[in-house]
Amino acid sequence: MSGKKSLKYKFGMGLIFFGMICPLFSFIVPFLNLSTAMSSTIIAFLMVGGPELFLIAGGALAGKEALDSIKSRLFKPAGKTRYTIGMTLFISGVLVNWALIYLVLTDVVGLDHKSLLVIVGSIDIASITGLLLMGTEFFSKCKRLFTWEGVEAPK
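Using my numbering, read the sequence shown as starting at 40 and increasing by one per residue.
Pasting the structure below:
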């Protein structure tokens, strides 16, 4: 495709992006003071139905060029800076989550359920973002960690 992208491509990429961030809006719903049934319906749509709908529609509009563009950006090797940022996000997310569990269970931190949900959700998003930033190098290291590469014992 030439350097100028069509409106259809741009709209499709926008839908793909919105489909990816759609679950983040579910954190806002509890603060809207809606009924329980309405809140549950909206959260279910934002977490389950909405992202798939927007991703499929965006993929259909943007076409093969969008898929190639996304693949080339996501699967390129992570540089040292990107890998370090990803590792920092992942490790800090795991450690903060681990510490938060003990602080809440021992009543050191008195948080209500909504605040705790927002904090834990944010930590989970940061950890997942860290995994994605580290790229295939991290998953290759994990695979090697669980693969036997030793030598046989002498007979």
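Every residue gets a Cβ at the ideal spot worked out from N, C-alpha and C, and that includes glycine.
In summary, Ala99 is exposed, with fewer than 16 beta-carbon neighbours lying within 10 Å of its beta-carbon over all protein chains present. Pairing Phe185 with Ser131, the inter-Cα distance amounts to about 23 Å. Met77 is not a Cβ neighbour of Pro62, given a cutoff of 8 Å. Taking C-beta separations shorter than 6 Å and ignoring five residues to either side along the sequence, the partners of Tyr122 in its chain run Met173, following chain order.
Taken atom to atom, the span from the alpha-carbon of Ser65 to that of Ala83 is near 8 Å. The Cβ atoms of Phe114 and Thr175 sit closer than 8 Å to each other. According to the DSSP assignment, Asp163 belongs to the alpha helix (DSSP H) that extends over His152 to Leu184.
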